[in-house]
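J.:
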Amino acid sequence: MAYYSAQGHTRAVAERIAVATGGDIFEITPENPYSDADLDWRDDNSRVTREHDDQSLRDIVLSQVTPDAFEEYETVFVGYPVWWQMAAWPVNRFVRDNDFVRKTVIPFCTSTSSSMGSTRQTLEQLAGSGEWLDGQRFGENPQDGMVEDWVESLNI
């Protein structure tokens with residue numbers, strides 16, 4: 007289980023998936039974390055808005071790129087918030103810099119209004135390997151049982 011969470015919504019879903027699967031959790035952490043002001047997409051000068059407008063700013067350095075014993079995992083959940091119909095930028099570095107050969111990758115995202123869109127396909131292209139499943143989008147606070155029912159439906 008690897009996830010990036012800007013405001014805690016994705017973290018909450020990741021924790022529920024970890025409980026449902028008995029899996030480990032790895033938090034994707036930017037070396038320079040986002041503040042609340044950085045995340046204000048309504049501010050033309052905020053960090054996320056500048057990164058959205060200038061793709062060269064989206065290559066986010068992470069504190070740790072690869073989880074311990076990553077090569078031993080056969081199934082990896084990858085969680086992220088959706089920003090402008092894209093996976094949050096820190097997830098790109100994680101996906102691009104890890105080897106998903108012989109792994110099943112299950113993406114999930116959180117968003118108040120955006121769909122999952124083509125985020126799975128974009129991440130799959132960045133990864134270049136792994137068997138990527140379609141995944142699931144959750145709202146900010148999924149109802150009790152919703153996450154767990156989805157995990158159970160995966161038959162993993």
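For the sequence shown, the positions run 7 to 162 when this note's numbering is used. Ideal placement from N, C-alpha and C gives every residue a C-beta, glycine not left out. From a predicted model like this one, the values you see are computed outputs, not experimental measurements.
If you draw a straight line from the alpha carbon of N104 to that of A8, how long is it in whole angstroms?
T.: Walking along the sequence shown from the start, residue 104 turns up at place 98. Walking along the sequence shown from the start, residue 8 turns up at place 2. Straight-line Cα distance between these residues: approximately 11 Å.
J.: Just how far apart, CA to CA, sit G28 and D59?
T.: Within the sequence shown, numbered from 1, the residue matching residue 28 stands at position 22. Within the sequence shown, numbered from 1, the residue matching residue 59 stands at position 53. Using only the alpha carbons, I get a separation of about 39 Å.
J.: What are the start and end residues of the alpha helix (DSSP H) that includes G87?
T.: Counting from one through the sequence shown, the residue named residue 87 turns up at place 81. The residue you asked about is not Gly; residue 87 is Pro in the sequence shown. That residue, P87, is in no alpha helix (DSSP H); its beta strand (DSSP E) goes T81 to W89.
J.: Tell me which residues share the same chain as T118 and place their Cβ nearer than 8 Å to its Cβ, disregarding the 5 neighbours each side in the sequence.
T.: Taking the first residue of the sequence shown as 1, we reach residue 118 at position 112. Closer than 8 Å at the Cβ level, and outside the excluded window around T118, lie G145 and E146.
J.: Taking its Cβ as the centre, do 16 or more other Cβ atoms sit within 10 Å of A93, making it buried, or is it exposed?
T.: In the sequence shown, residue 93 corresponds to position 87, counting from 1. Buried.
J.: Around the C-beta of R48, are 16 or more other C-beta atoms found within 10 angstroms, so that it is buried, or is it exposed?
T.: Here the question's residue 48 lines up with position 42 in the sequence shown. It counts as exposed.
J.: Use the C-beta contact count for E130: other C-beta atoms within 10 angstroms, 16 or more gives buried, fewer gives exposed.
T.: Indexing the sequence shown from 1 puts residue 130 at position 124. It counts as buried.
J.: Comparing the C-beta of V54 with each C-beta of chain B, is any distance below 8 Å?
T.: Of the protein chains in this structure there is only one, and it is not chain B.
J.: Quick check on the burial criterion: 16 or more other C-beta atoms within 10 angstroms. Buried or exposed for N38?
T.: For the purposes of this step, residue 38 is taken as the residue at position 32 of the sequence shown. Exposed: under 16 other Cβ atoms inside 10 Å.
J.: At what residues does the beta strand (DSSP E) containing Q142 begin and finish?
T.: On the sequence shown, residue 142 is found 136 positions in, with the first residue counted as 1. It spans Q142 to F144 - the beta strand (DSSP E) in which Q142 sits, taken as one unbroken run.
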